[in-house]
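Shown next, in structure tokens, is the structure this report addresses.
2 protein chains.
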Amino acid sequence: MSIRYAILGFLSWKPFTGYELKKRFADALSFHWAGTSNQVYGALLGLHKEGAVTIEVIPQEKLPARKVYTITQKGRDELKTWLLGDPDLPAFRNLQRTRLAWTADLSDDELRTILTHYVQRLSDQIILYREQLRRGEESPARSSREILIWKRLGEASLAGYESELAWIESLKTELGL
Amino acid sequence: MSIRYAILGFLSWKPFTGYELKKRFADALSFHWAGTSNQVYGALLGLHKEGAVTIEVIPQEKLPARKVYTITQKGRDELKTWLLGDPDLPAFRNLQRTRLAWTADLSDDELRTILTHYVQRLSDQIILYREQLRRGEESPARSSREILIWKRLGEASLAGYESELAWIESLKTELGL
DNA sequence: CAAAGCATGTAAGCAGTTACATGATTGT
DNA sequence: ACAATCATGTAACTGCTTACATGCTTTG
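If you read the sequences in order, they're chains A and B.
Residues in the first sequence are numbered from 0 upward in steps of one, following numbering that gives the first Met the number 0.
Residues in the second sequence are numbered from 0 upward in steps of one, following numbering that gives the first Met the number 0.
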């Protein structure tokens, strides 16, 4: 249950190189995943071994050869099986909230500082996120349905940060800080 | 950045055994953490090595000896340093949303099935969660401030599931399913 | 001239999950 | 009789992150 399927997902649009996939992951903020080369290249290796993707090596004159990965029918089947599988509940791990659980003993000043910093970080993240959404997270846009889904996915991610911000601000007020 | 601090947090209330801590974690739904003995006992071992906790072994006649862990001043200092440290952004990893990203090609029936199952799982989880909140997630309730914070933490967790449910239902409607 | 981008990877480690192991006691 | 609770742990594995390594090209 992991990156393998997201890779297959991207490859179901069109062939990509590992490098391009890595960028896609970094850009697709709604995945909330900081995957790096390690995982991408490793997963691609595994997918190739299983026959879920084929590799075409395209030599380049001055740069390292590009390895273009193409999904096979077997890969498409695997992707579909995953899509239709049991749904996973969201994992709302929130370290900062866990922190807040133990802050009741702190002084007003200390608690206020913590809350203010958190508000700041969330606000920064929201600005960043908004900008990236505006620039347009590239979905393949092969159908109106796909466009709608990707639009809603982007919005939902942003809404997560926004509701966290609203929550922490109202908590701050309630605490008289 | 992990369980160590949550353990120190609980121990800052009063001494606990590893077993009790494990249960606390399981009960504190708002932590969204399924930590098991492995991690708890391992972390306690580490904390003891560092001198953040002391151990008192209380032999029992028929059951294994209870090891009661008490936080030291060093442990309290470490906890406080963590509390005042840089805030962490929430990690909204949502595997099901990632799945949805690749579903645009599926048939109406298939997509409807996926969405319906997800709605079902979320609804079940919400019922479970509500019940557990009602039973009362035990906070130490040493002050009105602490009571408020724990109340809001519980609510926020529930709200996460509820807004996910609302989102998926409105998406379903928009997709004409 | 430095930084960012293209393009591939490796190494090491932490966090967290699942499953296993032991064994007595209490509740249904 | 079976399951749950008390109470300790170990083993194996997956997923993910951080940091490193190489080397050329394009942009500011």
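Note that CB positions come from ideal geometry on N, CA and C, so glycine has one too.
Note that the structure is a prediction, hence the values are computed from the model and not measured.
Checklist entry - Any idea which residues DSSP pairs B:Y68 with across the strands? => result Translated into the one-based positions of the second sequence, residue 68 of chain B becomes position 69. Bridge partners of B:Y68: B:F15, B:I54.
Checklist entry - Taking the alpha-carbon positions, what's the B:G74 to B:V39 distance? => result By one-based count along the second sequence, residue 74 of chain B stands at place 75. By one-based count along the second sequence, residue 39 of chain B stands at place 40. Each residue's alpha carbon lies about 16 Å from the other.
Item to check | Cβ shell of A:K21 (< 8 Å), same chain only, five flanking positions each side left out | outcome: Here residue 21 of chain A refers to the residue found at position 22 when the first sequence is read from its first residue. If we look at A:K21 and ignore the five residues flanking it on each side, its Cβ neighbours are G34, T35, S36, V39.
Checklist entry - Alpha carbon to alpha carbon, how far is B:K66 from B:Y117? => result Numbered from 1 along the second sequence, position 67 holds the residue referred to as residue 66 of chain B. Numbered from 1 along the second sequence, position 118 holds the residue referred to as residue 117 of chain B. C-alpha separation (whole angstroms): 42 Å.
Checklist entry - So which of A:L44, A:Q124, A:I70, A:L152 has the shortest CA-CA distance to B:L88? => result Position 89 of the second sequence, counted from the start, is the residue given in the question as residue 88 of chain B. Ranking the options by Cα distance to B:L88, first place goes to A:Q124.
Checklist entry - When you compare each of B:R96, B:Y4, B:R23, B:Q95 to B:A51 by their alpha carbons, which one comes out closest? => result Sequence index remark: in the second sequence, residue 51 of chain B carries index 52 (1-based). The residue among B:R96, B:Y4, B:R23, B:Q95 with its C-alpha nearest the C-alpha of B:A51 is B:Y4.
Item to check | Positions along the stretch 36–50 of chain B whose CB lies within less than 7 Å of some CB in chain A | outcome: Against chain A - using a Cβ distance shorter than 7 Å - the stretch 36–50 of chain B contributes no residues.
Next on the checklist: B:A155 and A:W166 - do their beta-carbons sit closer together than 7 Å?
Outcome noted: For the purposes of this step, residue 166 of chain A is taken as residue 167 along the first sequence, with counting starting at 1. For the purposes of this step, residue 155 of chain B is taken as residue 156 along the second sequence, with counting starting at 1. The criterion of a C-beta distance shorter than 7 Å is satisfied by A:W166 and B:A155.
Item to check | Partner residues on chain A for B:G153, Cβ-Cβ distance less than 9 Å | outcome: Your numbering for residue 153 of chain B matches position 154 in the second sequence. By Cβ distance, chain A contributes nothing, its closest Cβ being about 10 Å from B:G153, past 9 Å.
Checklist entry - Taking DSSP as the reference, what is the three-state secondary structure of A:D87? => result For this step, residue 87 of chain A is matched to residue 88 along the first sequence. Note: A:D87 maps to coil in three-state DSSP.
Checklist entry - For the stretch 80–96 of chain B, which residues have a CB atom closer than 9 Å to at least one CB atom of chain A, in sequence order? => result W81, L82, L83, G84, D85, P86, D87, L88, P89, A90, F91, R92, N93, L94, Q95, R96
Checklist entry - Since A:L82 contacts A:L176 with CB under 8 Å, what's their CB separation in whole angstroms? => result Counted from its first residue, the first sequence places residue 82 of chain A at position 83. Counted from its first residue, the first sequence places residue 176 of chain A at position 177. So it is not a contact: roughly 46 Å between Cβ atoms.
Checklist entry - Considering only C-alpha positions, which residue in the set A:W32, A:I146, A:L28 is nearest to A:R129? => result In the first sequence, counting from the first residue as 1, residue 129 of chain A sits at position 130. Selected option, being the one with the closest Cα: A:L28.
Checklist entry - In angstroms, rounded to a whole number, what distance separates the CA positions of B:A64 and B:D76? => result Residue numbering aside, residue 64 of chain B sits at position 65 when the second sequence is read from its first letter. Residue numbering aside, residue 76 of chain B sits at position 77 when the second sequence is read from its first letter. Those two C-alpha atoms are separated by around 29 Å.
Checklist entry - Are the beta-carbon atoms of A:Y18 and A:L43 separated by less than 7 Å? => result Here residue 18 of chain A refers to the residue found at position 19 of the first sequence. Here residue 43 of chain A refers to the residue found at position 44 of the first sequence. Cβ distance not < 7 Å, so A:Y18 and A:L43 don't count as in contact.
Item to check | Interface residues of the stretch 123–135 of chain A facing chain B [CB-CB below 8 Å] | outcome: Listed in chain order, the positions of the stretch 123–135 of chain A with a beta carbon within less than 8 Å of a beta carbon of chain B are Q124.
Checklist entry - chain A partners of B:R23, CB-CB under 7 Å? => result Taking the first residue of the second sequence as position 1, residue 23 of chain B is located at position 24. Under the 7 Å cutoff, chain A gives no residues; its nearest Cβ is about 11 Å from B:R23.
Checklist entry - Since B:G8 meets chain A, which of its residues come closer than 9 Å, beta carbon to beta carbon? => result Translated into positions along the second sequence, residue 8 of chain B becomes position 9. T97, R98, A100, W101, listed in chain order.
Item to check | Whole-Å CB distance - B:P86 paired with A:R120, under 8 Å assumed | outcome: By one-based count along the second sequence, residue 86 of chain B stands at place 87. By one-based count along the first sequence, residue 120 of chain A stands at place 121. The pair is a contact, with the Cβ atoms about 5 Å apart (cut-off 8 Å).
Next on the checklist: In this structure, how does DSSP classify B:N37 when only helix, strand and coil are distinguished?
Outcome noted: Working through the second sequence from its first residue, we reach residue 37 of chain B at position 38. Residue state, collapsed to three classes: helix.
Item to check | Straight-line gap, A:K171 to A:L114 (C-alpha atoms, nearest Å) | outcome: By one-based count along the first sequence, residue 171 of chain A stands at place 172. By one-based count along the first sequence, residue 114 of chain A stands at place 115. Distance between the alpha carbons of A:K171 and A:L114 is about 7 Å.
Checklist entry - If you measure beta-carbon to beta-carbon, which residues of the stretch 58–73 of chain A are closer than 7 Å to chain B? => result Under the 7 Å Cβ criterion, the stretch 58–73 of chain A contributes no residue.
Item to check | Status (buried if at least 16 other CB within 10 Å, exposed otherwise) for A:I70 | outcome: The residue given as residue 70 of chain A occupies position 71 in the first sequence. Buried, since its Cβ has 16 or more Cβ neighbours within 10 Å.
Checklist entry - Three-state secondary structure (DSSP) at B:E137? => result Indexing the second sequence from 1 puts residue 137 of chain B at position 138. Reduced to three states, the DSSP call for B:E137 is coil.
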